[in-house]
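In the numbering used here, the protein residues as written are 33 to 942.
Backbone N, C-alpha and C define an ideal beta-carbon position, used for all residues, glycine too.
Each remark here refers to the structure printed beneath this line.
Next comes the structure, spelled out in structure tokens:
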């Protein structure tokens, strides 16, 4: 700023008529300009030092990280995807994990340093930008002065000297600007290197998780190899040791006899010499002969012993050979059985990898549609030929693997179905709500039943990529229609929870899924209509003969009309469409013209019997999915009844018209994740047969949250929820005060996206901050949620409406008795303990009907009375709740049944 002011003063001085400056003034002016130039140079070189200082660190970190990644990849090639785990030494795995952890620690340190340098660089960048702006201002002012001086035709020699100085400064300023631009480019390169460090850290994290999983698998394999396989080995070893000890004793005894024999021989020779010298009687000679006979007898015995010793040694050697032979056979048999056991029960993830491999070859046009369908059928059947081909050539080139697969391809049939889920969420890679749990839980359950299950998701920039195994992009671009044009889409593949997943990354200038969030954008209708069209295009171009396409909620409801109005006419008509609405509150409405974006015919669909909303003139995509799908489901039987009336939010008439294809199927929970006997978040694991661990977890939570612990049997009520009107926030508030009134403890975990609700509960938390029986934790914490489920005696779910609800099932799994309102899925999973019209073995909680405080208070009082006055009855109730099967198996069987009926009708119509 000072420089630009000085330049302005100089320009003003040039334009105003004044006497020529003295030589002293000119010298001062030149000196000031050169001083400013030198200060600018110094200021510009400071970021250079900072940047240069950062480069070696970044370089070393990148080299270290590249070495760690290459080491992890080399180990992956050595050990393969899962083959030979039984031969892997646990010590090596532990070492590998420790080395990887060290590498990750070093990388994290480098990352922190890189971020610190990045902050410094950004600050320096801003300073440099300010310098550039200042210099450009001065440059423009200098050019203006130069032009004015040329017009004025000044002849004064002093002015000419000043102009020379200004020209020189102008050149220097231009050089400074170029220099600063170079520095800015270096800053950008540094930012790019930081981004690379982040990616490499993610790769190392993934490799660490893979090594840990292999370590766990190896431990499991060692546990599976029971001691019976080695009993024969140790019996042989013990027999050989006994034989060796016997032989050694005999050899030692023979050696002693031999030594004694040598002593006798020496004595006999001495005796003969003495007899000859003394010339004694014949009797003495007789004694000598007798002694010689005894010596001969001893020698014979020694030779016999020697022969026996050699025979024993030979027997020992033969036994050793036999032992080695038996040992080798046992090892081969053990390896063979281990391999057969591994391949026979090959993880679903490996079958998913094979499926993704086949689809990648087809999309890249390396194999034909017929070959791909044959290979998919083999994957579906878990064909042993394909399995052996994959295991034998996993470490070879892709072309060799493909050739072996094609050689092993044999025609066959299977009763399994090919099911493709198209959804906006999937746990744990992209989770917002219960939909994500349904996709992964239902998919895994169907896969276990022998069906080929695939998932298609958008590739969000904010998804948890560390939860995806073998994530890679295919060497092919799938084009899809949108807004009258064709757009490319990158296709990524990977496995999540053992399921094959396709991630679609649109190459659209709007960056539809590069928004740092899953939902909540102003153009969500555009984003998900684009995705639905691209997902169907992926299935169509891959040539798959899919049996069921299952789409979920309004985000992928476009699939049903797109499939029947566009793709069925192109010959892609083997599939039947199943649509599941998880919550009829969200229906995806928009102006009718917006349907044209994805290629749907607006005039054809904007009709009351198709996609026009029943309440207003807009388009309703959930209604379109109900009309166009072959199967329509929701997430519980009671909710299916409710939405046919006022709960349908305007779609009740449409659901009544299509009631024959509409049903409710209760969701399940992931019983592997929610298992108190294995839950790693708990202080003590426990089960229905041993409830001492539940008491220990209750004490641990009280200590963690600083709750009163003087009375261990004081009842603890838990509540884990989003604080939104649907969940009955006024009843949750009442439950807090009611619990304090009747002498219990209350723990709430959850937050609200609605500002006034969040503020209200913050006020309640402040009111109870000094009460050691009430804790409101207005956030979500996954680890803490596990602890609350395990510690609570009762669990409250007072929802106004609840399509399914999972928290009441999880609570019962952990021995927390639910107190719920009879609505939706709560009515299908919780049955009142005091309702005598229900069989006793089914009663598992406490319920109320009306969404008011009186009904909730009554249910809470009944639960507290049972807890305090009938402890043995309460214990039996807890144990019964913990033994209820809320897994996905039953729900998956119901889906399997309706899938198969729809597929059978499709085959009959073909």
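query	result
Cβ pair residue 827, residue 848 closer than 7 Å	yes
For residue 787, the first and last residue of its enclosing alpha helix (DSSP H)	787-799
Beta-carbon contacts of residue 761 that lie in its chain and below 7 Å, excluding the five residues immediately before and after	755, 789
Spatial neighbours of residue 48 in its chain, beta-carbon cut-off 7 Å, leaving aside the 5 residues before and after	Caution is warranted here: a pLDDT of 39 is assigned to residue 48, below 50, making its placement in the model unreliable, and no coordinate value can be reported.
Cβ pair residue 920, residue 473 closer than 7 Å	yes
Length-filtered (3 minimum) beta strand (DSSP E) runs lying within the region 509-535	517-528
Between the CA atoms of residue 912 and residue 905 - distance to the nearest angstrom	11 Å
Close beta carbons around residue 535, own chain, < 6 Å, minus the five adjacent residues each side	489, 491, 524
Own chain, CB closer than 6 Å to residue 666, minus 5 neighbours either side, in chain order	613, 672, 696
For residue 853, the residue or residues it bridges with in DSSP	880
Rounded C-alpha distance that separates residue 533 from residue 543	21 Å
Exposure label - residue 97; buried when at least 16 CB within 10 Å	Low per-residue confidence applies at residue 97: pLDDT is 49, beneath 50, and the placement is therefore not dependable, though the value from the model is reported in the following sentence. The residue in question, residue 97, is buried, as its Cβ has 16 or more Cβ neighbours within 10 Å.
With 16 other Cβ atoms within 10 Å as the buried cut-off, status of residue 744	exposed
DSSP-derived helix/strand/coil call for residue 77	No answer about residue 77 holds up, because its pLDDT of 44 lies below 50 and its placement is not dependable.
Exposed unless 16 or more other CB atoms sit within 10 angstroms - verdict on residue 592	buried
From 836, 540, 871, 870, residue whose alpha carbon lies closest to that of residue 13	With the chain covering 33 to 942 only, the question about residue 13 has no answer from this structure.
CA nearest to the CA of residue 458, picked from 423, 497, 819, 733	497
Extent of the continuous alpha helix (DSSP H) run through residue 680	Residue 680 -> no alpha helix (DSSP H), and no H or E assigned at all.
Option in 434, 839, 423 with minimal Cα separation from residue 397	434
Residue interval of the alpha helix (DSSP H) (run including residue 900)	885-901
Three-way DSSP call (helix, strand, coil) for residue 613 in this model	coil
Within 7 Å, strictly: CB atoms of residue 654 and residue 596	no
Beta-carbon spacing of residue 944, residue 580 below 7 Å	Not covered by the structure: residue 944. The range shown for the chain is 33 to 942.
Euclidean distance between Cα positions of residue 931 and residue 387	21 Å
From 150, 515, 679, residue whose alpha carbon lies closest to that of residue 562	515
Exposure label - residue 385; buried when at least 16 CB within 10 Å	buried
Cβ pair count under 8 Å reaching 3, the region 773-783 against the region 890-899	yes
Reduced DSSP secondary structure (H/G/I, E/B, other) of residue 131	helix
C-alpha distance - residue 664 paired with residue 909, whole-angstrom precision	36 Å
Which of helix, strand or coil DSSP assigns to residue 722	strand
Coarse secondary structure for residue 941, derived from DSSP in three states	helix
Bridge partner(s) assigned by DSSP for residue 708	Answer is none; residue 708 lacks a bridge partner.
Residue 930, DSSP secondary structure in three states	helix
Boundaries (first-last residue) of the beta strand (DSSP E) holding residue 490	484-490
Residues of its chain near residue 74, where Cβ-Cβ distance is below 8 Å and the 5 sequence neighbours each way are ignored	Legend: pLDDT at residue 74 = 41, less than 50; position of this residue unreliable, value from coordinates given subsequently. Around residue 74: no qualifying Cβ.
Extent of the continuous beta strand (DSSP E) to which residue 777 belongs	777-781
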